[in-house]
Amino acid sequence: MTLSTFQRQLLGLDESALLARGSQQLQRPVWAALARLTEAATEEGFQLKVASAYRSYDRQRNIWNGKLSGERSVVDDTDRAIDMTSMSPEECFACVLRFSAMPGASRHHWGTDIDVFDAGAVNESYQVQLSAAEVAVNGPFGLMHEWLDQRIAQGRSFGFYRPYDKDRGGVASERWHLSFAPLAVDCQRECSADLLRAVWSDKAVGEVSGRQELSQQLESFFERFVARVAEPPKSALEYLPPA
Ligand SMILES: [Zn+2]
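Per the working numbering, the very first residue in the sequence shown carries number 15; after that it's consecutive.
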């Protein structure tokens with residue numbers, strides 16, 4: 015299977031559509047919409063900052079392989095480390111997939127998705143965790159996320175919405191994760207289990223831990239941990255940047 019440029023972009027293998035600002039990369043229209051959202055946040059007294067934007071296939075592969083080998087810790091819903099040594103491969107995958115995507119299946123590959131926080135709510139030395147506690151109502155970033163909820167509900171979020179707004183039994187709720195609907199919707203449509211199989215079988219892009227076992231049940235893992243996300247609100251989907 016020869017991958018098209020668009021497919022390579024979806025998989026985090028082609029950065030030609032991305033624009034770098036500082037250490038982060040996103041698609042140009044996403045930067046423009048983010049500037050407007052940031053400005054609106056500033057007016058309300060929030061310092062909306064990006065903790066994570068584009069992530070390459072290789073970076074995701076390192077995270078994935080590191081978690082399956084035990085080099086990186088895997089945590090449960092209450093942030094406690096999970097001991098996976100006596101688990102079946104399928105059980106391990108489910109634990110990792112709760113918070114981390116399979117290589118090639120991260121929305122962060124697309125240049126359309128970001129993790130955000132309120133830099134004004136913490137001091138400069140604070141290490142952002144992207145944890146449930148931080149974005150809870152009484153957490154440091156709770157107020158900004160309430161404000162974001164309102165903007166999204168009112169159709170005033172400049173195209174951004176929350177794909178992981180609540181726990182659907184797949185990926186955990188991730189309130190810090192925003193997606194730019196007008197571009198992300200096309201990426202999501204093109205992403206498939208077959209596309210992942212194709213890239214994983216390419217030795218040139220490196221080995222994916224558990225590939226064989228994962229491939230056997232890939233359709234079910236794909237449905238639960240990739241496809242099962244919130245629908246973008248119509249207002250976000252139809253957002254048009256000002257000419
Ligand atoms: Zn994210």
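Every residue gets a Cβ at the ideal spot worked out from N, C-alpha and C, and that includes glycine. Since the model is a prediction, treat every value here as computed from it, not as a measurement.
For residue i, the three-state DSSP class (helix, strand or coil)
i	result
Phe235	helix
Ile128	strand
Tyr178	coil
Val240	helix
Ala250	helix
Ala95	strand
Val219	helix
Val89	strand
Tyr71	helix
Val213	helix
Thr16	coil
Ser229	helix
Pro103	helix
Met116	coil
Gln143	coil
Gly156	helix
Gln168	coil
Leu27	coil
Val110	helix
Gln202	helix
Gly173	coil
Residue burial classification, residue i (beta-carbon count within 10 angstroms, cutoff 16)
i	result
Lys81	buried
Ser87	exposed
Tyr178	buried
Gln230	exposed
Pro256	exposed
Ala34	exposed
Gln74	buried
Arg176	buried
Phe194	buried
Gly26	buried
Gln141	exposed
Gln168	exposed
Residues bridged to residue i (per DSSP)
i	result
Leu192	Ile128
Gln41	Leu32
Ser66	Asp129
Residue from the options whose Cα sits closest to the Cα of residue i
i	options	result
Ala95	Met158, His122, Ala244 and Phe113	Phe113
Ala46	Pro196, Arg211 and Ala207	Pro196
Trp190	Cys201, Ala146, Phe239 and Ser37	Ala146
Asn76	Glu227, Asp93 and Pro117	Pro117
Pro103	Glu233, Ser223, Pro247 and Tyr253	Ser223
Leu62	Glu237, Phe155, Ala207 and Glu245	Phe155
Leu210	Asp97, Glu237 and Met98	Glu237
Val185	Arg242, Met98, Glu252 and Gln21	Arg242
Ala218	Met158, Tyr71 and Glu233	Tyr71
Pro247	Asp163, Phe239 and Trp214	Asp163
Phe174	Ser120, Leu192, Ser100 and Leu111	Leu192
Ser120	Val240, Ser249, Ala250 and Cys109	Val240
Met15	Asp90, Ser249 and Trp214	Trp214
Asp208	Phe235, Val199, Glu221 and Ala198	Phe235
Ala55	Gln202, Met158, Leu228 and Ala198	Met158
Asp181	Ser83, Gln21 and Asp91	Asp91
Contacting residues, own chain, Cβ-Cβ under 8 Å from residue i (five flanking each side not counted)
i	result
Val151	Glu160
Leu144	Ala65, Ser66, Asp129, Phe131, Glu188 and Trp190
Leu32	Gln39, Leu40, Gln41, Tyr68 and Gly125
Gly134	Gly59, Phe60 and Gln61
Ala212	Met15 and Leu17
Close beta carbons around residue i, own chain, < 6 Å, minus the five adjacent residues each side
i	result
Gln38	Val64 and Ala67
Gly183	none
Arg225	Trp214
Residues near residue i in its chain [Cβ-Cβ closer than 7 Å; skip 5 each side]
i	result
Gly153	Ala147
Thr19	Asp28
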